[in-house]
Amino acid sequence: MAQERKKNRQQQTEAQRLAHRDAVIEHSDNKFVAELTKNMDAFIYTKDFYVALYKQT
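Each residue of the sequence shown is one higher than the one before, counting from 1062 in my numbering.
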């Protein structure tokens, strides 16, 4: 599964990666987002996010 994910990432174009990064940055002002990852392509969530998620399930 990890190899498949790596292969999929390699197939993404640079434009797709930049578009994804821009979309992530655009939504980073959410109250549950603590920060962005080093590559600015994913969120690092606050503990409050996980508490709210637990309450929803």
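Where is the CB? At the ideal position from N, CA and C, for every residue including glycine.
All values derive from a computational prediction rather than experimental measurement.
**Message:** Rounding to the nearest angstrom, what Cα-Cα distance links A1076 and I1105 in this structure?
**Reply:** What you label residue 1076 is simply residue 15 of the sequence shown in a count that begins at 1. What you label residue 1105 is simply residue 44 of the sequence shown in a count that begins at 1. Their Cα atoms are separated by approximately 23 Å.
**Message:** I'd like the span of the alpha helix (DSSP H) that includes A1080, first residue to last.
**Reply:** Mapped onto the sequence shown, residue 1080 falls at position 19. Start and end: 1075-1087.
**Message:** When you compare the CB positions of L1097 and V1085, do they come within less than 8 Å of one another, or not?
**Reply:** For the purposes of this step, residue 1097 is taken as the residue at position 36 of the sequence shown. For the purposes of this step, residue 1085 is taken as the residue at position 24 of the sequence shown. Closer than 8 Å, so yes.
**Prompt:** Which value, in whole angstroms, describes the spacing of the CA atoms of H1088 and K1116?
**Reply:** In the sequence shown, counting from the first residue as 1, residue 1088 sits at position 27. In the sequence shown, counting from the first residue as 1, residue 1116 sits at position 55. Taking the straight line from one Cα to the other gives about 23 Å.
**Item:** When H1081, L1079, A1095 are compared against T1107, the one with the closest alpha-carbon
**Value:** Stepping through the sequence shown from its first residue, residue 1107 is reached at position 46. Checked all of H1081, L1079, A1095; the closest Cα to T1107 is A1095.
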